[in-house]
Structure formats: C-alpha cells, structure tokens
Amino acid sequence: MEAKENLVEIEESSEGNAESDQLGCEHYFRKCCLIAPCCKKEYICRVCHDEKELHEMDRRKVTTIKCLKCDTLQEVRSKCKKCGIVFGNYFCEICRLFDDKDKEQFHCDRCGICRIGGAENFFHCEKCDVCLGNTLKDNHKCIEKVSHDVCSICREDLHTSRTELNVPPCGHILHRTCYLSLLKTGNYACPTCNESMVKMDNLWKYMDEEISGTEMPDEYKDLLVPVLCRDCHKESSTKFHVLGLKCGHCGSYNTARG
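Going by the working numbering, the first residue of the sequence shown is number 190, and it counts up by one from there.
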C-alpha cells in the first residue's frame, strides 16, 4: 500500500484565498506519511492504515516518516530535514500526530493521547480517567475508568475515539452520535443500566394524565405490585396499571416489576 493512494491535495482556488498547497488524507491535513512499524507500509495516518489492514497500527511505535514533498525518509520530527517544510502546524512527538488544521489540539498526559477543543475547556477526571468538558466538573457521576470500554451502541472504543462523547446522568459514556440516534428511536434509557438519560418530567406527567383517565377492571383497581425504579434505584409498592407502574418515591415510570 502506497501512501500516494491516500493522498489528498487541495489546489488553490481562482480567488486565491483557499487553503493552498495542503497535503494529507480525509482524516488529517499533513505533509508527511507514516511508515507503519507493524507492516512497514506507508500510510498518511493510522486511521488510513487501520481501515485498510487487518491489524491496527500503534502510532507511538512509529520511528520513520516520509516527507510528501521531497520523499525523504527520516526519523520522527516536526519538519523535513532535507527541504525544511513543516509537516504539521500541530505536532505531538508522543502521539506521532501531525495536523495542519487547527482543532485546538492538546496532549493530555493522563489520558495518554491528544484531544481537541482546547485544553482550557476540559479537565481530567481522575476516577473516570478521561478528559471531560468543564461544565461536568463536580457535576457528573464518576465511574472507575469508564472510558476504557466500548460504546454500548456501536461497540467501538471510547477512550481513543475521534467522535465526541456524551455523558448522561448515570455516568455511562456513549458516542454522542450514538446517543442522539438512540433518542430518535424513542429509547431514553441507558443501554448499560437502564437509567433515564434525559429529563422525563413531561412524559411522566402525561402518563399520570393517561392513567387517571383510563380505569382498570374492578379486579385490578386496588391491586398493588412491588416495583424497582431504574431511576432512583428504590423499591416501592404501586397500583397496577397496564399503561405503566409508577415509582412511589420519585414518580418515574421507568420501573420493573419487583
């Protein structure tokens, strides 16, 4: 596999104000390619490699790169030792990451990888062991190393994901795209623990109104059944109704028969 197969070059527009002389692939703009330490093939980035090969590249083990301008092979560095071109406006020697596009990249030593979005906008949660948005500081449920797992929807890795993550109140992380797709299908409960991922007050109020207007047969009117609430995790007894069983503590209908 030659790196040229994955090469994208953006020509300067007639107006002269487009991004000019940019090289790279669909994932990154950069002016070098990586020599994969596993198979010794040339790829613009590790994503290109992993999409083509039956194995994954450990980019931290990359020791050799090639300049896409002058084809010079060299050790990992920020600019070409022969023609002097800068391989990427952002360069992380640890992650072997080069990128000409400004994504407010930063390297998190505790995550062990580069993140995007600006270091000032994130904090590293020691227990969850992942960078989270500042709005979640002291405002989320911690789960030990929660990101070191796969998304419960798509089964792809979370910690190294290039996709934005979503942290619902229960603390189980999902890819944001997977989370939104789940909500669109009418599924509001976390796939891992079944706790509601969004505020359901309006729906519970609607359920109250529907149940109050729908009488049960006489033999069921006073029937009490035990339920376990998936939202507040408490047990209670509630009146049986075919439309739903209401938690006696928080009023949720996200319950299961006890």
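Virtual Cβ for every residue (Gly too), placed ideally from N, Cα, C.
Scanning its chain for C-beta atoms nearer than 7 Å, with the 5 sequence neighbours on each side dropped, one finds around Pro-380 the residues Ser-341, Ile-342, in chain order.
With respect to the 9 Å criterion, Cys-259 and Val-236 are not classified as neighbours on the basis of their beta carbons. Counting along the chain, His-238 sits inside the alpha helix (DSSP H) bounded by residues 235-241. For the pair of segments examined, the stretch 378-398 was found to touch the stretch 350-369: the number of CB pairs separated by less than 8 Å reaches three. Every beta strand (DSSP E) stretch that sits fully inside the stretch 317-362 and reaches 3 residues is listed by chain position as 319-322.
Per DSSP, the unbroken beta strand (DSSP E) holding Cys-418 starts and ends at 413-418. Tyr-409: not part of any beta strand (DSSP E); member of the alpha helix (DSSP H) spanning 407-410, first to last residue. For Ile-302, the secondary structure class from DSSP, reduced to helix, strand or coil, is strand. In the three-state scheme derived from DSSP, where H, G and I count as helix and E and B as strand, Ala-445 is classed as strand. Secondary structure note for Glu-399: its alpha helix (DSSP H) is the uninterrupted segment 390-401. DSSP places Thr-427 inside the beta strand (DSSP E), whose first and last residues are 424-428. Rounded to whole angstroms, the gap between the alpha carbons of Asn-355 and His-364 is 6 Å.
Taking all protein chains shown into account, Glu-315 has fewer than 16 neighbouring C-beta atoms within 10 Å of its C-beta and is therefore exposed. Taking all protein chains in view, the Cβ of Asn-391 is surrounded by fewer than 16 other Cβ atoms within 10 Å, so the residue is classified as exposed. In this structure Val-414 does not touch Thr-403 by the C-beta definition: roughly 17 Å separates them, more than the 8 Å allowed. If you draw a 10 Å sphere on the C-beta of Asn-443, you find 16 or more other C-beta atoms in it, and that means buried. Taking 9 Å as the cut-off, the Cβ atoms of Leu-257 and Arg-219 count as close. If you draw a straight line from the Cα of Tyr-279 to the Cα of Tyr-395, it comes to about 52 Å. In this model, Lys-334 and Val-275 are separated by some 37 Å (Cα to Cα). Distance from the CA atom of Cys-228 to the CA atom of Lys-326, rounded to whole angstroms, is 42 Å.
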